[in-house]
Each structure stands twice: as structure tokens, then as C-alpha cells.
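Colleague:
In our numbering, the protein residues as written are 1214 to 1630.
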């Protein structure tokens, strides 16, 4: 054990000596490793953080949730037959009632519509504010929380009370503070409405959907007093039971909707059951392709860096021929000599990887000040990167180390360089 630690320590000192004596040569050789590890950690961290953000945005749409709409959300932009979808009938709130009666997989069901409204409070006026008319259980499907005040109760929904819940950023824009918005009376399309709750800040979403930070929520019966539900983009939301797969839920809902619409077996669906889980799968596939591209760029840089490390080690073996001969004459075995050079090669690669990681952390610090989401360098990514460095260093140094281990001690001692 002591002998092995001594060999490792000597290898470490020799590697540092090599760096100090040949700064330019070592820098140029390590540069490929640095760029390669920078690409690996940078791409993986960026993609992982972005995917985490997008998946969280998808989850905010509701886990195991189906959106029943006239529109298909995952249609191809180039071949999207909008002319066919626009002729479809809109979902109706009475269809939600029928689904609740017939579905065995339903856990929660809700109905919502949306329009743009004009919102004002004394001299402060905002135009084209996204306004949602929502039914009961909407909050049990969508992900948002009340920061100040209260959410709607059963009486608000039943009687269509003139109350609203507003988003965090909207409260700041209108009142200057989210805490002072509670119980204030605002005008929505010239109708007086009392603010009973302010949502907690959610943040910007990358996939569209609900922008609750800048929205107004109204009980659907009150929303209907000045907007037509039919022409306000109605959508039925269905959340499945915990033990039910989203595909099974979608299959059941398709059958129930065909029954409601009285469609014949030969007729196409005149509705779309949009599965949130499908969005997650599309996202995973996209980011998987991005990761492949990052690995390709990093692999090329690492290959160049590996040749640079191998070149250093070949030169190092030639320069230390006399030292190697002396060690072997004093009893050093082939394994000891080989391990010493493999360790030095691996150490050089790890050092290059450390500088690559340092560049990533610097870039992450800068990007986190400007990007709308946080970039995290996860520990598994760092471990993977340095494992690659160790393996690559040993592979790059294997042939030079083998040459050093097989040198004849007498010939090596007589060699000057």
C-alpha cells in the first residue's frame, strides 16, 4: 500500500514538473481535452436544465391529464389541416357532466374558456389581459397556488359571483405590489370585480399554455355574463386516477366523446383528446437528439486532445529514458513503470477536464443572470466527465507507458535523451 502511494505521489510530481518545464506544449496538448470536457459538461448541463424546465412546464399543465378540444395540439406545422379542425364543434360544459357520469377512470374534471379583457384600477389600465373562466376542480388539475387571499368557494361558482383571482405579475403591474391587491375592486370590461386572491409567482413557461402570472381567473358563470362560452375557446380538462395510465384514460374518453357526439363507426372524430404525456415524450426525443449532437462535437475535441496527450507521453518517455533505466536497474518492475506513466497521462487529462469544468462554471454564472431559467451542473455529469478523462488518459498513455515498461535498463541508462 505504501509503495503504491509512493508511486502515485512520484507520478504526480513528475506530471507537475512536465507542466512547468513545457508550459506551451502542455497547454496546447491539454486544450483539446479542456474544450472536449467543456462541450460535454456544458451541453449536458444546459440540455438537462432546459429539459427540466420544459418538463416542469408540461407538468404544470396537469399530470395524467387529457385536454379535450376541437384542436389537435401536436399537429405538424407544415401539414396541419386547420381548415378541418376549425369546422369541428366546440366542447360544451354539459359534455363534461356526461363524461363524469360515464367515465370509470376520471379523478377530476373541469371546464375552462379564455378571452382577452381590459382591466383597470383607477388611473391604471391594462389592455388585452388574458382572462380565464373556470369551473370547479380547475385548481385540482392545474398547478398554481394562492399567495395572498383566498381561492373561489362553491358559492362563487354556483352564483357566478363578481370576484376574481389575479396573477402575481399582473398584481404588481396594476397595484405596484401583490400584497396590496387583496380586496381591491377592479374594472373588467367596465364591470366591477373584487380581487379575492393573488396567485404565487410561477415564472415564464417555454411551451405556452397558461400564463398565470399575467392572467385573471373568474368563475365560469360570471365569465358567461359578458362572454359567450361557445366562442371563447372552450376546453374540457380530465385528470385520471393515480393507477390509470394516460393512454387508457385517452382511449376511454375517446369512446365517451364519440358516444356524446353520436358518431358512426365509419366517421372520424370531430374532437381531439390531447395527452400531456405525449408532450413529454416529444420533448425527451428532441433533447435526446441535441445530446447526441453535443457528444459528437465533444468526441471530436476529445479525440484531438487524446492525440495531444499521447504525444506528450511519447516525448516524456524519450526524455526520461535514463531515469527509467536507473529505476529498472534498482528493481522497479514493468508494472510499476507502466502504472507511473499511466497515472501521469490520466492526471494530465483530469487537469484538462478541470479547466473545462472551470470554464463551464464561469459560463453558467454569466448565463444564469440573463436566462429565464437556472442552469445546474449536476454531480452525475461532473463524475461522468472526469471518468471519461481518466479512461481517455489511460488509453492515450497506454502505448507510451508500454514502451517505457519494456525498455532495456542498460540501453536506457546509456541514453542521453
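For each residue, glycine too, the CB sits at the ideal point set by N, CA and C. Note that the structure is predicted; figures quoted are calculated from it, not measured.
Please look up how many angstroms separate the CB atoms of residue 1442 and residue 1451, rounded, as I've assumed it's under 8 angstroms.
Modeller: Wrong, their Cβ atoms sit about 18 angstroms apart, outside the cutoff.
Colleague: For residue 1509, count neighbouring Cβ atoms within 10 angstroms of its own Cβ and tell me buried if that reaches 16, exposed if not.
Modeller: Residue 1509 comes out exposed.
Colleague: Please report the distance separating the alpha-carbon of residue 1327 from that of residue 1516.
Modeller: About 55 angstroms.
Colleague: For residue 1282, does the three-state DSSP call read helix, strand or coil?
Modeller: Residue state, collapsed to three classes: strand.
Colleague: With H, G and I counted as helix, E and B as strand and the rest as coil, what does DSSP make of residue 1484?
Modeller: Note: residue 1484 maps to coil in three-state DSSP.
Colleague: Any idea which residues DSSP pairs residue 1364 with across the strands?
Modeller: Partner(s): none; residue 1364 has no beta bridge.
Colleague: Where does residue 1345 fall in DSSP's three states?
Modeller: Strand.
Colleague: Would you decide whether residue 1488 is buried or exposed? Buried here means 16 or more other CB atoms lie within 10 Å of its CB.
Modeller: When all chains shown are included, residue 1488 counts as buried.
Colleague: Beta carbon of residue 1614, beta carbon of residue 1551: below 7 angstroms?
Modeller: Their beta carbons are under 7 angstroms apart, which means residue 1614 touches residue 1551 by this criterion.
Colleague: How long is the line joining the alpha carbons of residue 1245 and residue 1513, rounded to whole angstroms?
Modeller: Residue 1245 and residue 1513: Cα-Cα distance of roughly 9 angstroms.
Colleague: DSSP state of residue 1321, grouped into three classes?
Modeller: Three-state result, residue 1321: strand.
Colleague: Once DSSP output is grouped into helix, strand and coil, what is the label at residue 1389?
Modeller: Coil at residue 1389, not helix or strand.
Colleague: What residues match up with residue 1431 in a beta bridge as DSSP calls it?
Modeller: The partner list for residue 1431 (beta bridge, DSSP) reads 1346.
Colleague: Rounded to a whole number of angstroms, what is the C-alpha to C-alpha distance between residue 1630 and residue 1581?
Modeller: With a pLDDT of only 49 at residue 1630, under the threshold of 50, the placement of this residue in the model should not be trusted, and no figure is reported.
Colleague: Note down, in chain order, each residue of its chain lying with its Cβ closer than 6 angstroms to the Cβ of residue 1547, except the 5 sequence neighbours on either side.
Modeller: Cβ neighbours of residue 1547 beyond the five flanking positions: 1618.
Colleague: What's the gap between the Cα of residue 1351 and the Cα of residue 1300?
Modeller: Using only the alpha carbons, I get a separation of about 27 angstroms.
Colleague: With DSSP as the reference, please indicate the residues paired to residue 1620 in a beta bridge.
Modeller: According to DSSP, residue 1620 bridges with nothing at all.
Colleague: For residue 1333, which beta-bridge partners are listed by DSSP?
Modeller: Looking at the DSSP assignment, residue 1333 forms a beta bridge with 1338, 1400.
Colleague: Once the 5 residues before and after residue 1523 are set aside, which same chain residues still bring their CB inside 6 angstroms of it?
Modeller: Cβ neighbours of residue 1523 beyond the five flanking positions: 1609.
Colleague: Any contact between the segment 1479–1487 and the segment 1310–1327? By contact I mean 3 or more CB pairs, one from each, below 8 angstroms.
Modeller: No: fewer than three Cβ pairs fall under 8 angstroms.
Colleague: Taking residue 1583 as part of the alpha helix (DSSP H), name the residues at either end of that continuous run.
Modeller: Here residue 1583 belongs to no alpha helix (DSSP H), and DSSP marks it neither H nor E.
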